[in-house]
Amino acid sequence: MPDGVFGEGRLVRWTLIALAVGFLVLFLVLPLLAVFTEALRRGAEAFFASFDDADTQAAIRLTLLVAAIAVPLNLVFGLSAAWAIAKFEFPGKSVLISLIDLPFSVSPVVSGLVYVLLFGAKGLLGPLVDDWDFKIIFAVPGIVLATIFVTFPFIAREVIPLMQEQGTADEEAALTLGASGFRTFLTVTLPNVRWALLYGVLLCNARAMGEFGAVSVVSGHIRGLTNTMPLQVEILYNEYNFVAAFAVASLLAGLALVTLGAKSLLEWRHGDALFPARRH
Amino acid sequence: MSVAALRGWTPSIAKPSVLPGFGLTFGFAVSYLSLIVLIPLAVLVWRASALGIDGIWRVATTPRVLAALQVSFFISAAAALVNVVFGAIVAWVLVRYDFPGKRIFDAAVDLPFALPTAVAGIALASLYATNGWIGALFAPWGIKIAFTPLGIFIALVFIGLPFVVRTVQPVLQDFEREVEEASATLGAGRGQTVFRVVLPALVPALLTGGALAFARAVGEYGSVIFIAGNMPFVSEIAPLLIVTRLEEFDYAGASAIATVMLVISFAALLAINSIQAFSRRRFGHA
Numbered sequence: 001m002p003d004g005v006f007g008e009g010r011l012v013r014w015t016l017i018a019l020a021v022g023f024l025v026l027f028l029v030l031p032l033l034a035v036f037t038e039a040l041r042r043g044a045e046a047f048f049a050s051f052d053d054a055d056t057q058a059a060i061r062l063t064l065l066v067a068a069i070a071v072p073l074n075l076v077f078g079l080s081a082a083w084a085i086a087k088f089e090f091p092g093k094s095v096l097i098s099l100i101d102l103p104f105s106v107s108p109v110v111s112g113l114v115y116v117l118l119f120g121a122k123g124l125l126g127p128l129v130d131d132w133d134f135k136i137i138f139a140v141p142g143i144v145l146a147t148i149f150v151t152f153p154f155i156a157r158e159v160i161p162l163m164q165e166q167g168t169a170d171e172e173a174a175l176t177l178g179a180s181g182f183r184t185f186l187t188v189t190l191p192n193v194r195w196a197l198l199y200g201v202l203l204c205n206a207r208a209m210g211e212f213g214a215v216s217v218v219s220g221h222i223r224g225l226t227n228t229m230p231l232q233v234e235i236l237y238n239e240y241n242f243v244a245a246f247a248v249a250s251l252l253a254g255l256a257l258v259t260l261g262a263k264s265l266l267e268w269r270h271g272d273a274l275f276p277a278r279r280h
Numbered sequence: 281m282s283v284a285a286l287r288g289w290t291p292s293i294a295k296p297s298v299l300p301g302f303g304l305t306f307g308f309a310v311s312y313l314s315l316i317v318l319i320p321l322a323v324l325v326w327r328a329s330a331l332g333i334d335g336i337w338r339v340a341t342t343p344r345v346l347a348a349l350q351v352s353f354f355i356s357a358a359a360a361l362v363n364v365v366f367g368a369i370v371a372w373v374l375v376r377y378d379f380p381g382k383r384i385f386d387a388a389v390d391l392p393f394a395l396p397t398a399v400a401g402i403a404l405a406s407l408y409a410t411n412g413w414i415g416a417l418f419a420p421w422g423i424k425i426a427f428t429p430l431g432i433f434i435a436l437v438f439i440g441l442p443f444v445v446r447t448v449q450p451v452l453q454d455f456e457r458e459v460e461e462a463s464a465t466l467g468a469g470r471g472q473t474v475f476r477v478v479l480p481a482l483v484p485a486l487l488t489g490g491a492l493a494f495a496r497a498v499g500e501y502g503s504v505i506f507i508a509g510n511m512p513f514v515s516e517i518a519p520l521l522i523v524t525r526l527e528e529f530d531y532a533g534a535s536a537i538a539t540v541m542l543v544i545s546f547a548a549l550l551a552i553n554s555i556q557a558f559s560r561r562r563f564g565h566a
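Line by line, the protein sequences give chains R and E.
Residues 1 to 280 in the working numbering are what the first sequence lists, from first letter to last.
Residues 281 to 566 in the working numbering are what the second sequence lists, from first letter to last.
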């Protein structure tokens with residue numbers, strides 16, 4: 001790029017790069033470094049000892065359980081919604097698409113609040129739930145519900161535009177050749193959207209395991225029972241048990257890094273299959 | 281005969297199609313959407329409507345709630361503004377220049393989406409505390425960052441960072457260089473070309489990204505509470521006040537504040553949609 005009229009001069013260019021890199025280092029790299037530094041402050045032994053705690057282990061198990069329920073449910077929803085929206089014409093379609101994105105514009109705290117209003121002790125259905133001797137709020141079902149709510153759009157919003165782009169010709173061909181509807185879905189539609197599906201699942205899972213605000217409102221913070229990993233981080237931190245708090249946090253940060261790495265790899269290797277509309 | 285008749289009769293609102301499964305998938309998707317999202321949100325609106333408009337107004341204008349809403353609103357706006365400026369620079373640098381480590385920085389932009397907010401919160405709090413790496417640099421000057429409104433600002437800049445970069449990047453990528461060359465050929469200096477030709481085309485994306493960052497920041501909870509100090513009237517954000525009200529079993533109060541926040545975020549959403557509609561008309565892209 002020649003200097004002057006067609007591009008920026010060397011000085012301007014490197015000043016802008018320095019500004020951008022400085023901003024990213026300050027706001028992204030340093031916090032990440034801080035997590036791992038604080039976790040290892042007292043050495044590797046103290047780091048690993050943090051995971052010897054029964055409550056911390058229970059929190060890790062609960063986080064895995066919640067993600068294992070929420071992600072598959074949202075996956076089935078995403079595929080159903082995408083099939084109905086992309087393969088058929090019906091009135092109100094654009095309204096349905098915007099309603100799916102609704103949870104993204106709701107504060108996490110409000111996402112938890114709506115379930116307390118519904119199932120809490122003084123909630124709308126609270127007495128009914130009580131009669132059945134079943135706990136939702138301050139128990140695992142509430143945590144699962146709140147997690148499903150905040151991760152609701154992730155998979156659907158990746159799959160819907162892609163399926164819309166691909167149209168119905170492939171499926172019609174398969175049906176004409178005698179395949180059943182279900183077989184067509186499994187062998188034609190699913191392979192066509194597999195990378196977008198994986199992409200959505202990755203993002204959905206990261207948010208499901210890391211959600212704090214919504215889960216915090218419905219959990220009740222009962223040690224060993226209703227604490228997920230992010231809530232355990234909060235409790236340990238508020239007890240000034242910094243090494244343990246950052247040790248658990250470093251697991252979540254590791255998950256975030258793996259998610260980002262896999263996401264970049266997918267965009268790089270399968271970008272055309274992911275966002276056909278965005279490329280040429 | 282009745283079976284055949286049943287098969288022929290499709291209770292569908294969709295246009296006829298040879299593809300099967302509309303009833304099943306549409307039915308499941310809409311039921312799931314209603315159960316998980318629509319009905320719970322409707323309950324919130326119903327709860328709040330029991331208070332009436334003046335009831336919500338009374339709750340929203342009590343000094344402590346008003347202070348919290350102001351803290352959330354103004355600091356979110358300031359953080360969004362910083363993200364618009366730096367997001368534009370970051371997007372520009374990532375699209376136009378080559379430098380070592382560019383790929384990694386590009387991937388890192390999404391970190392605030394992927395990192396759990398509680399983790400971000402304690403990391404920022406430890407960095408900006410008076411004995412932290414960054415806080416210690418400012419402490420000798422008598423500037424406290426963590427546990428003040430400044431700390432909230434830092435957390436909200438972090439959380440909103442990807443929005444502007446990711447909305448501006450694709451627009452900049454698709455921007456035709458020929459337009460810039462034409463501008464240069466017609467005698468414009470580089471500065472004139474950038475500010476009078478390129479920048480106006482980026483304005484809708486910048487506004488959209490800024491509005492998205494703002495909407496996210498207003499509702500943000502996890503990353504803020506660790507660094508905020510959470511002093512009523514000074515550094516207490518609106519989402520935290522909802523949690524406090526809930527812990528006092530004041531459901532009505534919590535619903536009223538939540539409704540005000542929903543209105544703010546829907547207003548932001550509406551603004552985003554109008555910007556995009558305008559941009560499609562004016563520039564042919566969103």
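The beta-carbon is built from N, C-alpha and C at its ideal position, and this holds for glycine as well.
**Opening and closing residue of the alpha helix (DSSP H) in which T488(E) lies** = L479 to G499
**Message:** Using beta carbons (cut-off 8 Å, strictly below), is I369(E) in contact with chain R?
**Reply:** For I369(E), at least one C-beta of chain R is nearer than 8 Å to its own C-beta.
**Same chain, Cβ closer than 7 Å to L113(R), five either side skipped, listed in chain order** = V217
**Request:** Rounded to whole angstroms, what's the CA-CA distance from L436(E) to A253(R)? Just pull it up for me.
**Result:** C-alpha separation (whole angstroms): 19 Å.
**Cross-chain neighbours of F306(E) in chain R, by beta carbon under 7 Å** = Those within 7 Å of F306(E) in chain R are A84.
**Distance CB(Q166(R))-CB(A59(R)) smaller than 8 Å** = no
**Request:** With a threshold of 16 other CB atoms inside 10 Å of the CB of V116(R), please say whether the residue is buried or exposed.
**Result:** The residue is buried, with at least 16 neighbouring Cβ atoms inside 10 Å.
**Member of S180(R), N192(R), I143(R) and L186(R) whose CA lies at the smallest distance from the CA of I69(R)** = I143(R)
**Request:** Compare the C-beta of V233(R) against all C-beta atoms of chain E and say whether one is closer than 8 Å.
**Result:** Yes, V233(R) lies at the interface with chain E (some Cβ there is under 8 Å from its Cβ).
**Request:** Evaluate T334(E) with the Cβ neighbour count: other Cβ atoms within 10 Å of its Cβ, from every protein chain shown; 16 or more gives buried, anything less gives exposed.
**Result:** Inspection of the sequence shows that residue 334(E) is occupied by Asp rather than by Thr. Answer is exposed; the Cβ neighbour count stays below 16.
**Item:** Residue from W421(E), V514(E), F353(E) and Y531(E) with nearest C-alpha to G123(R)
**Value:** Y531(E)
**Asked** Are V375(E) and L441(E) closer than 8 Å when you measure CB to CB?
**Response** Cβ atoms of V375(E) and L441(E): not closer than 8 Å.
**Request:** Indicate whether at least one CB of chain E lies closer than 8 Å to the CB of S219(R).
**Result:** no
**C-alpha gap between P296(E) and S111(R), whole angstroms** = 38 Å
**Prompt:** With 16 as the cutoff for other CB atoms within 10 Å, does R496(E) come out buried or exposed?
**Reply:** Looking at its Cβ environment, which holds 16 or more other Cβ atoms inside 10 Å, R496(E) is buried.
**Item:** Contact the region 520-527 of chain E vs the region 469-482 of chain E: 3+ CB pairs below 8 Å
**Value:** no
**Prompt:** Which residues in the same chain as W413(E) place their Cβ atom closer than 6 Å to its Cβ, once the five residues preceding and following it in sequence are excluded?
**Reply:** If we look at W413(E) and ignore the five residues flanking it on each side, its Cβ neighbours are L407.
**Item:** Among V298(E), F455(E), L324(E) and L395(E), the one whose alpha carbon lies nearest that of V29(R)
**Value:** L395(E)
**Prompt:** Since F212(R) and P191(R) are thought to touch, with beta carbons under 8 Å apart, how far apart are those beta carbons, to the nearest angstrom?
**Reply:** So it is not a contact: roughly 36 Å between Cβ atoms.
**Message:** Using only the alpha-carbon positions, how far apart do A518(E) and T226(R) sit?
**Reply:** 25 Å
**Request:** Write down the C-beta distance between G181(R) and P300(E) rounded to the nearest angstrom, noting that I regard them as a contact closer than 8 Å.
**Result:** 4 Å
**Asked** Does any C-beta atom of chain R lie closer than 8 Å to the C-beta of F302(E)?
**Response** yes
**Prompt:** From this set, V514(E), S329(E), S554(E) and R561(E), which residue's C-alpha is nearest A348(E)'s C-alpha?
**Reply:** V514(E)
**Prompt:** Does the distance from the C-beta atom of L175(R) to that of T184(R) stay below 8 Å?
**Reply:** yes
**Prompt:** Would G142(R) count as contacting chain E if we go by Cβ distances under 8 Å?
**Reply:** no
**Request:** Could you name each continuous alpha helix (DSSP H) segment of 4 residues or more that falls completely within the region 2-90 of chain R, going from the start of the chain to the end?
**Result:** 10-24, 30-39, 43-49 and 54-87
**Prompt:** So, V21(R) versus F385(E), is the Cβ gap smaller than 8 Å?
**Reply:** yes
**Asked** Given that a residue counts as buried once 16 or more other Cβ atoms are within 10 Å of its Cβ, and exposed if not, what is D272(R)?
**Response** exposed
**Message:** If we define contact as Cβ-Cβ less than 8 Å, is L117(R) a contact residue for chain E?
**Reply:** Chain E, which has a Cβ nearer than 8 Å to the Cβ of L117(R), makes this yes.
**Item:** Spatial neighbours of H270(R) in its chain, beta-carbon cut-off 6 Å, leaving aside the 5 residues before and after
**Value:** Correct list, in chain order: W195.
**Request:** Spell out whether any CB of chain E is found under 8 Å from the CB atom of R13(R).
**Result:** yes
**Message:** Please list, in chain order, the residues of the region 124-155 of chain R that have any C-beta partner in chain E closer than 8 Å.
**Reply:** L124, L145, I148, F149 and F152
**Item:** Boundaries of the alpha helix (DSSP H) in which E171(R) is found, first to last residue
**Value:** A169 to T176
**Request:** Look at the alpha carbon of I97(R) and the alpha carbon of D378(E), and state the distance between them as a whole number of angstroms.
**Result:** 38 Å
**Message:** Does chain R have any CB closer than 8 Å to the CB of G489(E)?
**Reply:** no
**Message:** Going by DSSP in three states, S282(E) sits in which element: helix, strand or coil?
**Reply:** Reliability fails at S282(E), whose pLDDT of 45 lies under 50, so the model's placement of it is uncertain and the value that follows must be treated cautiously. Here S282(E) sits in helix by DSSP.
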